[in-house]
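All remarks here apply to the structure that follows.
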Amino acid sequence: MMHTLQETFPFLATWLSTATPLLPGLTLVRWAQPLLWGVVLAGLAAHLLARQSRRVRCGAMALAVLWMLLPGPWSPAWWLGLAFQLPSYVTVLLCAGMAWAGWRRDTGGGPLSEAVRAGFGGLKALALVMGALLLADMFILLPFSLYRWGFSSFIFGLLLAAGLLAWLLARKVATRRDAQLVCAALALFALTRLPSGNVFDAVIDPWLWMVLLAHSLQQGYRSIKSRF
């Protein structure tokens, strides 16, 4: 299919090409692995300990980051890297928001729902569809390789255009936050090419997709339950 597009529209050949993808440097990946996973673990610690005192939350977040910075197999980042490589930038930014909210709160209170819901707005449906298509691609259920397109400039431009359009047309604060989150993730990807040089890995990962799916199913269940 891509070959046909390139023949039909020759001016798109460079944008659609995946022959020479730009990959992140090995040194950058080595340093990013504990740092990015450290942010994710700190955000999860802040969320899980939301009802605890600020001192407990901050201590847990600091320990989470320090644990990730341990060398070799002593660090969970080493094992997470073997299993999942790196988290997406969207996941990292979401967890950074939860960590920042947990760090600033003076008292425990309820869960940090505002920080969590920042990623569940108008672009959620697109993320769910994209994740489902990538899952189907992984099991070779599509007639083309969707993941390979993520190495092309065309898909990067398409996702960036979608994020900017969502930001311009946003009527809700949550939708505008989502669009800013996606655009920030794409900007970081353009600067570093992390996590893998593929733009799909920068905006979604399996864990984020499962959280979005679970959140959507929970919302659907509550909506159906409220009608009865």
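The sequence shown: position 201 = 294 (my numbering), numbered continuously.
The beta-carbon is built from N, C-alpha and C at its ideal position, and this holds for glycine as well.
Item: Alpha helix (DSSP H) segments (min. 4 residues) lying fully within the region 132 to 184; Value: 147 to 161, 169 to 177
Item: For G131, the nearest candidate out of M154, G165, P299, G118 (CA to CA); Value: M154
Item: Where I317 falls: helix, strand or coil (DSSP); Value: helix
Item: Under 9 Å between C-beta atoms of S292 and G243; Value: Note on identity: in this sequence residue 292 is Val, with Ser being the wrong assignment. It is a contact, given that the beta carbons lie within the stated cut-off.
Item: Element boundaries [alpha helix (DSSP H), containing K265]; Value: Looking at the DSSP string, K265 is not in any alpha helix (DSSP H), and its letter there is neither H nor E.
Item: Reduced DSSP secondary structure (H/G/I, E/B, other) of S309; Value: helix
Item: Coarse secondary structure for G202, derived from DSSP in three states; Value: Unreliable positioning characterises G202 in this predicted model, as indicated by a pLDDT of 44, which lies under 50. The coordinate reading is nonetheless provided below. Looking at G202 - three-state DSSP - the assignment turns out to be coil, as it is neither helix nor strand.
Item: Sequence-distant residues of its chain with Cβ nearer than 6 Å to A135 (five each side left out); Value: M154, A157, V158, A192
Item: Cut-off 6 Å between Cβ atoms - residues of its own chain near L253, not counting five sequence neighbours on either side; Value: L279
Item: Inter-residue Cα distance where the pair is Q178 and L301; Value: 14 Å
Item: Segment contact, 8 Å Cβ cut-off, at least three pairs: the region 260 to 269 with the region 226 to 234; Value: no
Item: Straight-line Cα distance separating P169 from A218; Value: 32 Å
Item: Simplified DSSP assignment, three categories, for F282; Value: helix
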